[in-house]
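Residue numbers (our numbering): 3 to 197.
Just so you know, even glycine gets a beta-carbon here, dropped at the ideal spot from N, CA and C.
Since this is a predicted model, take the numbers as computed values, not measurements.
In what follows, a single structure is set out as structure tokens and then discussed.
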């Protein structure tokens with residue numbers, strides 16, 4: 003059994019999509035071998051927490067200090083028997099102890115085609131604005147393993163979409179988000195099944 007914790011900081015549309023994907027991948031009467039058991043947010047007002055509650059998934063709010071408290075964090079993850087972590091719009095760096103405890107078992111979604119537009123400060127709308135400013139003809143999403151280098155882990159999968167010169171940063175964000183909804187849960191499943 004693979005028990006996933008999803009780490010989030012915001013709205014949680016990807017979080018909800020992932021929960022629904024693994025809940026609905028098999029009929030109610032069949033045993034699921036991959037499930038989301040916990041949603042962790044560093045923001046108490048993240049709408050992702052409401053989504054988790056509606057879907058009957060336990061959640062926890064973990065501020066930056068708590069995230070970096072190895073004993074507390076590992077105790078939380080052990081409580082839910084977590085053995086795989088998905089960062090889905092999580093805006094804090096994963097601490098080294100977490101990366102070491104979950105080797106090749108923490109993955110992140112980045113809203114651009116890495117290595118372009120990655121690194122510190124490159125999240126959310128900042129990425130889409132940078133893509134627009136650079137005059138890129140395409141954008142996309144990257145799923146990668148988490149390392150101690152921001153957006154520097156080994157790339158697992160990338161998906162791209164074409165852009166037009168008239169696309170605004172909001173248009174770029176929407177096009178990229180469509181890719182996330184379509185591909186991210188499946189990439190998570192494929193990554194887990196390769197373990």
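Taking a cut-off of 8 Å on C-beta distances, the segment 59-74 touches the segment 88-105, as three or more cross pairs fall below it.
Separation of residue 43 and residue 151 (C-alpha to C-alpha, rounded to the nearest whole angstrom) is 21 Å. For the 7 Å CB-CB criterion, residue 182 and residue 162 do not form a contact. Of the residues 26, 89, 72 and 147, the one whose Cα lies closest to the Cα of residue 40 is 89. Annotation: the continuous beta strand (DSSP E) that includes residue 147 extends over 140-147. With respect to residue 20, residue 187 sits close: the two C-beta atoms are nearer than 7 Å. Cβ-Cβ separation between residue 17 and residue 54: approximately 7 Å, consistent with a contact (criterion under 8 Å). If you draw a straight line from the Cα of residue 185 to the Cα of residue 45, it is about 26 Å long. With a cutoff of 7 Å on beta-carbon distance, residue 59 and residue 108 are scored as not near each other. Around the C-beta of residue 197, fewer than 16 other C-beta atoms lie within 10 Å, and the residue is accordingly described as exposed.
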